[in-house]
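A.B. asks: With my numbering as the guide, the letters of the sequence shown map in order to residues 96 to 371.
Glycine included, C-beta positions come from ideal geometry on N, C-alpha and C.
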Amino acid sequence: MSINEKRRAPVGVFDSGVGGLTVAREIMRQLPNENLVYFGDTARVPYGSKSKDNIIRYSRQIIHFLKTKEVKAIVIACNTASALALDVVQKEEDLPIIGVIRPGARAAVMATKNKKIGVIGTEATVQSQMYSKVMKAMEPEVTVIGKACPLFVPLVEEGFAKHHVTEEIIDFYLASMKKEEGIDTLILGCTHYPLLRSRIKEYMGEKIHLVNPAYETAMDLKALLEEMDMANDLQEKEHASYSFYVSDAADKFKQFANSILPYDIETTKQIQIEEY
96 MSINEKRRAP VGVFDSGVGG LTVAREIMRQ LPNENLVYFG DTARVPYGSK
146 SKDNIIRYSR QIIHFLKTKE VKAIVIACNT ASALALDVVQ KEEDLPIIGV
196 IRPGARAAVM ATKNKKIGVI GTEATVQSQM YSKVMKAMEP EVTVIGKACP
246 LFVPLVEEGF AKHHVTEEII DFYLASMKKE EGIDTLILGC THYPLLRSRI
296 KEYMGEKIHL VNPAYETAMD LKALLEEMDM ANDLQEKEHA SYSFYVSDAA
346 DKFKQFANSI LPYDIETTKQ IQIEEY
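1. Could you give the DSSP three-state label for Leu305: helix, strand or coil?
2. Look at the alpha carbon of Leu356 and the alpha carbon of Lys302, and state the distance between them as a whole number of angstroms.
3. Would you mind reading off the limits of the alpha helix (DSSP H) that contains Ala352?
4. In terms of DSSP beta bridges, what is Lys145 paired with?
5. Assuming Leu74 and Leu305 are in contact, meaning their beta carbons sit under 8 Å apart, how far apart are those beta carbons, in whole angstroms?
6. Please name the residue in Ile295, His334, Gln350, Met299 whose C-alpha comes closest to that of Thr363.
7. Given a threshold of 16 other Cβ atoms within 10 Å of its Cβ, counted over all protein chains shown, does His287 qualify as buried or as exposed?
8. My guess is that Asn174 and Gly213 are in contact by the Cβ rule of under 8 Å, so how many angstroms apart are they, rounded?
9. Below 6 Å CB to CB, which residues in the same chain sit around Glu276 once its five sequence neighbours on both sides are set aside?
10. Whose CA, out of Ile360, Ala345, Asn327, Gln365, lies closest to the CA of Asn128?
11. Rounded to whole angstroms, what's the CA-CA distance from Leu131 to Ile171? Just pull it up for me.
12. Could you name the residues of the same chain whose beta carbon sits closer than 6 Å to that of Ser154, not counting the 5 residues immediately before and after it, in chain order?
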């Protein structure tokens, strides 16, 4: 493969479901020249309650599938897989793979004034304490308060983001963090959660800075591709191409994707991911 062919190769992005579309959306906005292949593991969502061994197995399968699409880099657009599988698959693969935790952690450390940072995410992400480990390596004096919010993912996946029940669940999970912990920065530590951002912001108040790792991850990808001299340089009148694959419920995924992405997607293909 020539250097120009490598530059034109797509970036692979994957998540347990629709949450990673928040990362894909930022890649489309910040890296408009880059071709993209997205996989959402909608048959096995959510990942947050799964074991580490299963999440590593799922991640390996998806990476093998994305490699059949000749991707030049992979973004794990899932906090749970970033926390539990990223280190493993980075050692196994020869192409660059990045996750969403380090970019989000760095942004939070830079934003906090009182060094008290909240992290909300799936049970697996919070229990891994990966955000805490990364942030304390950057700033040892930071205090990190984690809270698992397992119902947030199904709320997003089932289209309940704007339903009144969401307000009650946000209050159930975040009341103590809002009233007692004294945080000034809150990391949305699951790529589904930016789709609840306005509701969480309204609940937590203007004084709490919300960190969306999706934007930070897109900028890390941009820096990585430029450093490797792998950024795509589209010719005039050319457009980036976007392909979407899922393991279940393709029509439902497509409808959701078209509600949040800057461009409508025409087709979503369903594949048997366990064959990879």
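C.D. replies: Working from what's here:
1. strand
2. 29 Å
3. 345-355
4. The partner list for Lys145 (beta bridge, DSSP) is empty, contrary to what the question assumes.
5. With the chain covering 96 to 371 only, the question about residue 74 has no answer from this structure.
6. Gln350
7. buried
8. Rounded, the Cβ-Cβ distance is 14 Å, inconsistent with contact.
9. Ile240
10. Asn327
11. 13 Å
12. Ala176, Ala180, Val184
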